[in-house]
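> In the working numbering, the protein residues as written are 85 to 271.
Glycine is no exception: its CB is placed at the ideal position from the N, C-alpha and C atoms.
Keep in mind the model is a prediction, meaning the values are calculated, not measured.
Below is one structure. I have some questions about it.
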């Protein structure tokens with residue numbers, strides 16, 4: 085399958101919103117307020133609304149603070165990966181014990197969302213190829229991701245499956261009850 089992978093920019097904001105409004109939320113309405121804003125939000129999760137998240141991601145995209153990659157098939161967004169400097173994920177820094185060495189420069193990969201019709205067809209792998217290719221030439225020391233431990237459905241495995249990261253030589257850095265922290269040194 086030949087798809088196009090593009091970094092999120094202000095010009096792709098409408099495609100990003102379309103993907104969430106019309107594809108991901110239709111499948112999983114209980115995540116209507118997400119918009120992949122969760123790791124940026126430091127308030128009480130219960131107080132966060134769909135409108136707040138949508139408005140906040142628009143602001144983050146306009147400020148180049150929400151970064152990642154959209155996958156397209158014939159101009160229609162079919163996938164999303166949220167990848168960013170770990171320091172930009174305020175909730176991640178606040179609520180989780182991920183940081184071993186605060187001086188490490190880490191590119192965190194926190195979410196993969198793939199259209200249901202495109203799952204198990206290599207879309208996440210193609211996106212991860214692009215993340216690794218683009219960020220390997222930057223000023224980061226490590227890639228880091230947070231896959232869940234449980235056997236999950238494709239939809240429930242939105243942090244990316246452990247096996248995907250293992251294919252790219254990510255190693256388990258920490259283990260918790262429900263998830264791993266996996267890392268790959270950038271050479």
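Output the boundary residues of the alpha helix (DSSP H) element that contains residue 214.
Within the chain shown, numbered from 1, the residue matching residue 214 stands at position 130. Looking at the DSSP string, the run of the alpha helix (DSSP H) that includes residue 214 is 207–219.
> Cα separation between residue 156 and residue 229?
As a position in the chain shown, residue 156 is number 72, starting the count at 1. As a position in the chain shown, residue 229 is number 145, starting the count at 1. About 23 Å.
> Rank 160, 105 and 186 by C-alpha distance to the C-alpha of residue 86 and give the top, closest one.
Stepping through the chain shown from its first residue, residue 86 is reached at position 2. Restricting attention to 160, 105 and 186, the CA atom closest to the CA of residue 86 is found in 160.
> Return the residue from the list 124, 148, 118 and 142 that minimises the CA-CA distance to residue 134.
In the chain shown, residue 134 corresponds to position 50, counting from 1. The shortest Cα separation from residue 134 among 124, 148, 118 and 142 belongs to 118.
> From residue 211 to residue 130, what distance separates their C-alpha atoms?
Numbered from its first residue, the chain shown carries residue 211 at position 127. Numbered from its first residue, the chain shown carries residue 130 at position 46. Whole-angstrom Cα-Cα distance: 31 Å.
> Taking Cβ positions, are residue 121 and residue 137 nearer each other than 7 Å?
Stepping through the chain shown from its first residue, residue 121 is reached at position 37. Stepping through the chain shown from its first residue, residue 137 is reached at position 53. Inclusion of residue 121 and residue 137 in the CB contact set at 7 Å is warranted, their separation being smaller than that value.
> Closest by CA to residue 95, which one among 153, 192 and 194?
Start at 1 with the first residue of the chain shown, and residue 95 comes out as number 11. Checked all of 153, 192 and 194; the closest Cα to residue 95 is 153.
> Grab the span of the beta strand (DSSP E) containing residue 193 for me, first residue to last.
Locating residue 193 in the chain shown gives position 109, where the first residue counts as 1. Segment 190–198, the beta strand (DSSP E) holding residue 193.
> Quick check: what's the CA-CA separation for residue 170 versus residue 203?
What you label residue 170 is simply residue 86 of the chain shown in a count that begins at 1. What you label residue 203 is simply residue 119 of the chain shown in a count that begins at 1. Taking the straight line from one Cα to the other gives about 27 Å.
> Among residues of its own chain, excluding the 5 on either side of residue 271, which ones have a beta-carbon nearer than 8 Å to its beta-carbon?
Within the chain shown, numbered from 1, the residue matching residue 271 stands at position 187. Excluding positions up to five away in sequence, the list reads 220.
> With a CB to CB cut of under 7 Å and the five nearest residues on each side skipped, what residues in its chain are close to residue 224?
Stepping through the chain shown from its first residue, residue 224 is reached at position 140. Contacts found: 189, 190, 191 and 270.
> Near residue 142, which residues of its chain fall below 7 Å by C-beta distance, leaving aside the five closest residues on each side in sequence?
As a first step, residue 142 must be located in the chain shown, where it is residue number 58. The residues are 97.
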